[in-house]
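Same order as they appear, the protein sequences are chains A and B.
Here the first sequence is numbered in my numbering, starting from 1 and rising by one per residue.
Here the second sequence is numbered in my numbering, starting from 1019 and rising by one per residue.
The beta carbon of each residue, even a glycine, is placed where N, CA and C say it ideally should be.
Working notes, beginning with the structure itself.
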Amino acid sequence: MSMHGMRGLSVFISEIRNCQNKEQERLRIDKELGNVRNRFKNEKGLTPYEKKKYVWKMLYIYMLGYDVDFGHMETVSLISAPKYPEKQVGYIVTSCLLNENHDFLRLAINTVRNDIIGRNETFQCLALTMVGNIGGREFAESLAPDVQKLLLSSSCRPLVRKKAALCLLRLYRKNPDIVNVDGWADRMAQLLDERDLGVLTSSMSLLVALVSNNHEVYWSCLPKCVKILERLARNQDVPQEYTYYGIPSPWLQVKTMRALQYFPTIEDPNTRRTLFEVLQRILMGTDVVKNVNKNNASHAVLFEALALVMHLDAEKEMMSQCVALLGKFIAVREPNIRYLGLENMTRMLMVTDVQEIIKRHQAQIITSLKDPDVSIRRRALDLLYGMCDVTNAKDIVEELLQYLSSADFTMREELSLKAAILAEKFAPDLSWYVDVILQLIDKAGDFISDDIWFRVVQFVTNNDDLQPYAAAKVKEYLDKSAVHETMVKVSAYILGEYSHLLARRPGCSPKEIFSLLHEKLPTVSTTTIPILLSAYAKILMHTQPPDQELQSQIWSIFNKYESCIDAEIQQRAVEYLALCQRGAALMDILAEMPKFPERKSSLIKRTEYSEGDTAEQSAIKLRAQQQTSNALVVTDQHPANGATSPVPVGQLSLVKVPSMMTTENDTSTDHPLSQQNGALSNVDPQPPSADLLSDILGPLAIEGPPGATVQSEHNAVSGLEGGSDAADGSAIVPVDEQTNTVQPIGNIAERFHALCLKDSGVLYEDPYIQIGIKAEWRGHHGRLVLFLGNKNTAPLVSVQAIILPPAHLKVELSLVPDTIPPRAQVQCPLEVVNLRPSRDMAVLDFSYKFGTNMVNVKLRLPATLNKFLQPIQVPAEEFFSQWRSLSGPPLKLQEVIRGIRPMPLPEMANLLNSFRIMNCPGLDPNPNNLVASTTFYSESRPAMLCLVRIETDPADRTQLRMTLASGDPTLTFELKEFIKEQLISIPTAPQSPAPPAAQPTPQIPPNDPAAILAGLLS
Amino acid sequence: MGIRFILMVNKQGQTRLAQYYEWLTLEERRALEGEIVRKCLARNEQQCSFVEHRNYKIVYRRYASLFFLVGVDNEENELAILEFIHLLVETMDRHFGNVCELDIMFHLEKAHFMLEEMVMNGSVVETSKANILSPIQLMEKAS
Chain A
1 MSMHGMRGLS
11 VFISEIRNCQ
21 NKEQERLRID
31 KELGNVRNRF
41 KNEKGLTPYE
51 KKKYVWKMLY
61 IYMLGYDVDF
71 GHMETVSLIS
81 APKYPEKQVG
91 YIVTSCLLNE
101 NHDFLRLAIN
111 TVRNDIIGRN
121 ETFQCLALTM
131 VGNIGGREFA
141 ESLAPDVQKL
151 LLSSSCRPLV
161 RKKAALCLLR
171 LYRKNPDIVN
181 VDGWADRMAQ
191 LLDERDLGVL
201 TSSMSLLVAL
211 VSNNHEVYWS
221 CLPKCVKILE
231 RLARNQDVPQ
241 EYTYYGIPSP
251 WLQVKTMRAL
261 QYFPTIEDPN
271 TRRTLFEVLQ
281 RILMGTDVVK
291 NVNKNNASHA
301 VLFEALALVM
311 HLDAEKEMMS
321 QCVALLGKFI
331 AVREPNIRYL
341 GLENMTRMLM
351 VTDVQEIIKR
361 HQAQIITSLK
371 DPDVSIRRRA
381 LDLLYGMCDV
391 TNAKDIVEEL
401 LQYLSSADFT
411 MREELSLKAA
421 ILAEKFAPDL
431 SWYVDVILQL
441 IDKAGDFISD
451 DIWFRVVQFV
461 TNNDDLQPYA
471 AAKVKEYLDK
481 SAVHETMVKV
491 SAYILGEYSH
501 LLARRPGCSP
511 KEIFSLLHEK
521 LPTVSTTTIP
531 ILLSAYAKIL
541 MHTQPPDQEL
551 QSQIWSIFNK
561 YESCIDAEIQ
571 QRAVEYLALC
581 QRGAALMDIL
591 AEMPKFPERK
601 SSLIKRTEYS
611 EGDTAEQSAI
621 KLRAQQQTSN
631 ALVVTDQHPA
641 NGATSPVPVG
651 QLSLVKVPSM
661 MTTENDTSTD
671 HPLSQQNGAL
681 SNVDPQPPSA
691 DLLSDILGPL
701 AIEGPPGATV
711 QSEHNAVSGL
721 EGGSDAADGS
731 AIVPVDEQTN
741 TVQPIGNIAE
751 RFHALCLKDS
761 GVLYEDPYIQ
771 IGIKAEWRGH
781 HGRLVLFLGN
791 KNTAPLVSVQ
801 AIILPPAHLK
811 VELSLVPDTI
821 PPRAQVQCPL
831 EVVNLRPSRD
841 MAVLDFSYKF
851 GTNMVNVKLR
861 LPATLNKFLQ
871 PIQVPAEEFF
881 SQWRSLSGPP
891 LKLQEVIRGI
901 RPMPLPEMAN
911 LLNSFRIMNC
921 PGLDPNPNNL
931 VASTTFYSES
941 RPAMLCLVRI
951 ETDPADRTQL
961 RMTLASGDPT
971 LTFELKEFIK
981 EQLISIPTAP
991 QSPAPPAAQP
1001 TPQIPPNDPA
1011 AILAGLLS
Chain B
1019 MGIRFILMVN
1029 KQGQTRLAQY
1039 YEWLTLEERR
1049 ALEGEIVRKC
1059 LARNEQQCSF
1069 VEHRNYKIVY
1079 RRYASLFFLV
1089 GVDNEENELA
1099 ILEFIHLLVE
1109 TMDRHFGNVC
1119 ELDIMFHLEK
1129 AHFMLEEMVM
1139 NGSVVETSKA
1149 NILSPIQLME
1159 KAS
C-alpha cells in the first residue's frame, strides 16, 4: 500500500495547518466531520482505501482535541478486513480511540482471537498489540491460554513472542488468576533463558509486574536475572543492533535490576557474589564522557545499580562508595545528574548508617534549594526535609524560612508546611519554635492553616516560661505596618491572655496593647473580630487598677457590635458587656485559660498518615488527601473544641449551663422567637466546680483513634437493620424526652437552624455524647458525616441510629457501631439523594446507653430544601422572559404574608442569600422590592430555575407580598412556604440592652459554650 | 506500569502525535496536554529534563522545533526514558532521513507504526532499529 496515495489526508492536514486561528480550525474540522459522517452513512459506496483514509482523519481530529463521537463501528469493522493495510489501520486506530469498556470492542473479540490463533504472524502481531494496549477482563478470560501458548511456543518467531509477553502482562493486570496456574513460575524462569533481546526485554517487564505482586513464587527467576545482567554488563554478549552507543541494551539492564529490587534479599552466596561483582563493575567503571547519549545511557544503568545496592544493603564499604558517588553527582553542572543525585540521596535516607555521611553534603543541598530549576529545588526540599533531625533542624528550618520569601508561589505552601512540621518535630527549644511559626505567618500567612497557629497557642498556654516571650514577640510583629490576618488572630489571643505579663515594659501598657490591636480591627474579616473582642475583654479584666478611660472605650466597642449582623460577633459583644458589668466576678470568669491536655500534633499526625505514599510528596496532595480522610476531620474538631476558641470556652465554660431545656422539644419547628429570646436564665452564682470544667473541656480530648470505626465493626448494626432493636428499646424505655434523665446541652432547635445555614457544626450534645455533622452538597446529592464523640472515660453502648426519611429523600446511613469506646469519636457517613421538592424533614432517631441511662433523642437532620439550591445570577432579559412565560398559578404563586419580623431590605437579601437564593439587584426599579433567583436540583428532573419577587411596604414592615415562579407547581409551592417560614421564624436581634443599672441580676442569653463551639465549627 | 503517554508537540504547543497507555477522556487529555506543554515549553536549556506534574514525571527532550514528552510513573528510570526518546528519533531518522516536524505530521500513520513496534502497554518492547522498521519496510515493498 502506498501512504503517499492518501492524498485526501495530506490535503486535509495541510489545510488544518494553514488555518490562521482556532476558530478557522474548528470550522474546517466541523466541515470534515460532517463529510466523514455522511460518507459513513452510505457505507456501500466506500472503498477500503476511502474507509482507511477517513479513519485516519478521525484519529487526526481526535488527536487535536476534538470529540469524534461516531465512526467507531467503522473503525472496529476494519479489524476484520481481509487485507493487511486495512486491518492494520483498524487495529491501531481502535486502540487509540476506544477504551476497554467500549461495546464495539467486545463485539470484536472473536475476530481478534481468530487473528491470534491464525497462521499469519503479521496479523498475530497486530492483534496482540491491540489487546496488549486496551484489552479488558473479557479478553483476559477468553484469550489468556492462547497468548500464553504463543509466548512459550518454540515454533513461534521472536517478533510474535515479544508481543505476546506484554499482551499477557495486560491480561494479567485485568485478571491476575490467569497466571495462577501450576508451573507458571518455572515457565517464566525458562523464558529468561531466551537469547533474543526483544523477547527478553518484554519478558522482563512481565516479570517485574509478577514479582512486584508476589516475589516468593518466582525465586527461581532470581539467578536467571543475575545471569542476564552478567551477560549484558560483564560479557557484553549482545548483537550489535542491541548496543546503544556501545552500551549493551541499557533498557534491559535497567529493567533487570528493577526486577531484582523486588526480591527482599539474595540468599545464595554464589549468586550474591556474582551480582555484586557486576554492580561493583558498574559503580567503578562508569566514566563521564563527552557524548551526551552515551553518558545518559551509562548513568541510567549506574543509577539503577545504586538503587539495587541500597536495596540489598551491601557491605558498608560499598554503601559509602554509593554515598560518595551521589555526593559527587549533586555538585555537578549537568542538571539531569544533579536532579537524580538528589532524588536518589533522598531514597538513600531509608538506609540506616548513611545519614551521617549524607549530612556532610548539607551545604551543597542547600545550594540546590536555590537552583534556578524548580524540579531541582523540589528534590532539594524533599531531601532536606527527609534528612532533618534534632542536630540540624535549626539550620535547615532557617534556610527554608529564608528561601520562603523568594520562593515561587507554587512551592510556598509545601515549603511552609514542611518548615512548620520540622520546627515542631525537632525544636531544640520552644522559643525558637514560636519564632519560626511567627516568621512563617509573617512571610506566608496565606499558606498557614489554622492548625498551625492553634498549635502555637497550645504550646504557649502550656508553658509558663514561654508566655511573656511570646507576648513580646507578637507585639513586635503587630508594630509592623502590614500584618497578616492570621498574625492578628494569634496576637490577639496571646496578648489577651498574657500581655499583662509585659505591663512594665515600655509601650506595653494595657491601653497601648489595646490600641495596637484595635487599629487592626478595620482590616480584618468577621472571623477575626470575635477573637479581638475576647482579647479586649481580657485586657480590661487585667487592667488593675481599672482604667476608666480604657473601660469606656472598650464598652463602647461592645456596644457598637451588639447590633452586628454577624451572630457570633453580636453574641460576644452582648455577653462581654454583660460580664464586664459583673465587677469582681469578672476575674473568675475571664481567668486565664487552663492548660491544654497533651496531645499529638495534628501536623505530625498528618505526616504519619501519609507515610507509605511515596508516589508524590507534595504538600498540596497531602492536604487534599487529608481532607477526605479521617485524620483531618478529626483534627478539624480540635480547633472547634479547643484552640480556635480558647477564650470563649474558658470564659463561658464557667457559666453554669442553666437547666432550661426541659421544655425544649427538638422536633417542634416554629418557635415563637420572643419566647426564646425572652427566656433569659439566671447564672449560677457559685464558682464553677472542677467537675463542670472538666466536663465542658472534656470533648477537647476526643480524638478518634483511626481504627475506632473498624474495631467495633463486628458490633455494628446498620441504621435500617437496627430498626427492630430500636423498637424493642423503645418498648422498654419510654422515649419521651421528658423521661430522659440526661439533659441536652444547648438548644437543639437553634443548633438545627444554624446547621440549615452552614454545612458543619454540632447537631446535638449532652454530658455523654456530642454529635457533630459535616456535610457536602452537590446538586441533588448530599454527603453527610455524623461524628459521634464519646465524652467519657467509659464506653457508650447500645448505640443505635436510625434515619426516618421523608418520602422525598433517599437516605442511606452507613454502619453505626454498637459501642463507642471511651473518649473516641466515630464517623458515620450518610448519603442523601433528593427526589422531589418538599419541606419535610429527615429525622435521626438516636439512642445509646450510658450506665443505667437509656437516652433516646429524635433530631431533625439539616437536609432541608435550601441545601438542594444553587444560587444563580440571571441576566435581566432572561429573568423577565421567564417571569412572563410562567404566567400564573400553579407555576406562579402570590401571597400576602403578615407577621413578618421587620427588617431592612438588605438584611432580607442577606437572609435569602444565606439560603442560596441569590439577590439580583437592579432588576426591580422599585427600591422597596427585592428580586432573587436560584436553581433547584432533584433526581427526578433537571435543574429548575426559581424566581422570587418580594414587595415590601416601607410604611408597614410586618407585611409583604411574595411572588414565586418555577416550572414545577410543587416546587413553587414548597419554596414559597419555605421562604415564608424563614421570614417569620428567623431569630430576632436582641433589642438594645437596658442600661446595666436597670437590671437586677446579670443576664445571659440562653446560649451555652457548646452552642458557641458549634458556631465556630464552621 | 511504566510509560503512561508519549506526546510530540511543536514549540507553538500544537500536538503532533499523542499516544496514551492509560485511558483518559478527551477533556482530561486536553487539560493534561495544556498543563504539561505550558510547563515544559517554558523551560530553558540549563534546566533538567524532568518535570514533576500531578502523579507523573515528565521526561522531555527538544529537537529543533519539536518536543518529545514522555509521562512515566515511578516505575521507570528517568535517564533510560530520556535515551529511549533519542532512540525513537534515531529510528525515525533512519526511516525518513533526518526527520522533521512535517514528516511526523504528514506521515502520522508511520509514526504510529514505529511507536507501536517500540512501546506496548506502557513497556518497551523493542530497541533494535532494524527490528522496529522491518514491518514498515515490508509493507512498502509490498505496495
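Practice prompt. Drop a sphere of 10 angstroms on the beta-carbon of A:V483, count the other beta-carbons inside from all chains shown, and report buried for 16 or more, exposed for fewer.
Written response: buried
Discussion item. For A:S881, report the span of its beta strand (DSSP E) as first-last.
Written reply: Counting along the chain, A:S881 falls outside any beta strand (DSSP E), though it belongs to the alpha helix (DSSP H) covering A876 to S885.
Worksheet item: What did DSSP end up calling A:I79 once you bin it into helix, strand or coil?
Response: coil
Discussion item. Output needed in chain order: residues of the segment 1049-1063 of chain B with a Cβ under 7 Å from some Cβ in chain A.
Written reply: none
Practice prompt. Determine, using beta carbons only, whether A:E86 and A:K53 come nearer to each other than 7 Å.
Written response: no
Fill in: Proximal residues, the segment 1136-1151 of chain B versus chain A, C-beta separation under 8 Å
M1138, N1139, S1141, V1142, V1143, E1144, T1145, S1146, K1147, A1148 and N1149
Discussion item. I need the boundaries of the beta strand (DSSP E) containing A:I771, first residue and last residue.
Written reply: I769 to R778
Discussion item. Strictly below 7 Å CB to CB, what residues from chain B border A:R378?
Written reply: E1070
Worksheet item: Taking Cβ-Cβ distances shorter than 8 Å, what residues in chain A pair up with B:V1033?
Response: First, the residue type needs correcting, since residue 1033 of chain B is Thr and not Val in the sequence shown. What B:T1033 touches in chain A: M63, L64 and G65.
Worksheet item: Between which two residues does the alpha helix (DSSP H) carrying B:H1113 extend?
Response: E1096 to F1114
Practice prompt. Quick one: list the residues of chain A neighbouring B:Y1078, beta-carbon separation under 8 Å, in chain order.
Written response: Within chain A, no residue comes near B:Y1078; the closest Cβ sits about 11 Å away, beyond 8 Å.
Practice prompt. Taking A:L912 as part of the alpha helix (DSSP H), name the residues at either end of that continuous run.
Written response: L905 to S914
Worksheet item: How far does the alpha helix (DSSP H) with A:I109 in it reach, from first residue to last?
Response: I109 to I117
Worksheet item: Does DSSP put A:Q827 in a helix, a strand or coil?
Response: strand
Worksheet entry | A:S405 in three-state terms, based on DSSP | coil
Discussion item. Which residues of the segment 558-572 of chain A have a Cβ closer than 7 Å to any Cβ of chain B? Give them in chain order.
Written reply: none
Item to complete: Quick one: residues in its chain with C-beta nearer than 6 Å to the C-beta of A:K538, no 5 flanking neighbours on either side, listed in chain order?
Response: G496 and L590
Worksheet item: DSSP beta-bridge partners for A:M918?
Response: A:S933
Discussion item. Given a cut-off of 7 Å on the beta-carbon distance, is the pair B:E1144 and B:E1135 in contact?
Written reply: yes
Practice prompt. Leaving aside the five residues before and after A:K359 along the sequence, list all residues of the same chain whose C-beta is less than 7 Å from its C-beta, in chain order.
Written response: M387 and N392
Fill in: Between the CA atoms of A:P829 and A:D588 - distance to the nearest angstrom
41 Å
Discussion item. If the cut-off is 8 Å on Cβ atoms, which residues from the segment 792-818 of chain A count as contacting chain B, listed in chain order?
Written reply: none
Worksheet item: Does the segment 18-33 of chain A come within contact of the segment 1090-1106 of chain B, defined as at least 3 CB pairs closer than 8 Å?
Response: no
Worksheet entry | Spatial distance of A:D146 from B:A1036 (CA atoms) | 31 Å
Worksheet entry | Assigned secondary structure, A:Q625 (DSSP; H/G/I helix, E/B strand, else coil) | Legend: pLDDT at A:Q625 = 37, less than 50; position of this residue unreliable, no value from coordinates given.
Worksheet item: Just how far apart, CA to CA, sit A:H808 and A:A407?
Response: 52 Å
Worksheet item: Within 10 angstroms of its Cβ, does A:P889 collect 16 or more other Cβ (buried), or is it exposed?
Response: exposed
Item to complete: Please classify B:W1041: is it buried, with 16 or more other beta-carbons within 10 angstroms of its beta-carbon, or exposed?
Response: exposed
Item to complete: Taking B:M1123 as the query, report the chain A residues whose CB atoms sit under 8 Å from its CB, ordered along the chain.
Response: I13 and R17
Worksheet entry | Below-7 Å beta-carbon distance, A:T644 vs any chain B residue | For A:T644, the predicted model reports a pLDDT of 35, less than 50, meaning its position is unreliable; a value from the coordinates is still stated below. Judged by the 7 Å Cβ criterion, A:T644 is not in contact with chain B.
Discussion item. On a Cα-Cα basis, can you pick out the residue from A:A419, A:L415 and A:D389 that is closest to A:V397?
Written reply: A:A419
Practice prompt. Measure the alpha-carbon distance for A:R379 versus A:D845 and round it to whole angstroms.
Written response: 53 Å
Discussion item. If I measure Cβ to Cβ from A:T970 and keep anything under 8 Å in the same chain, skipping five residues before and after, which residues do I get?
Written reply: R836, P837 and S838
Item to complete: State buried or exposed for A:T367, treating a residue as buried only when at least 16 other CB atoms are found within 10 Å of its CB.
Response: exposed
Worksheet item: Using the C-alpha atoms, what's the distance from A:A307 back to A:I228?
Response: 18 Å
Worksheet item: What is the DSSP secondary structure of A:D547, counted as helix, strand or coil?
Response: coil
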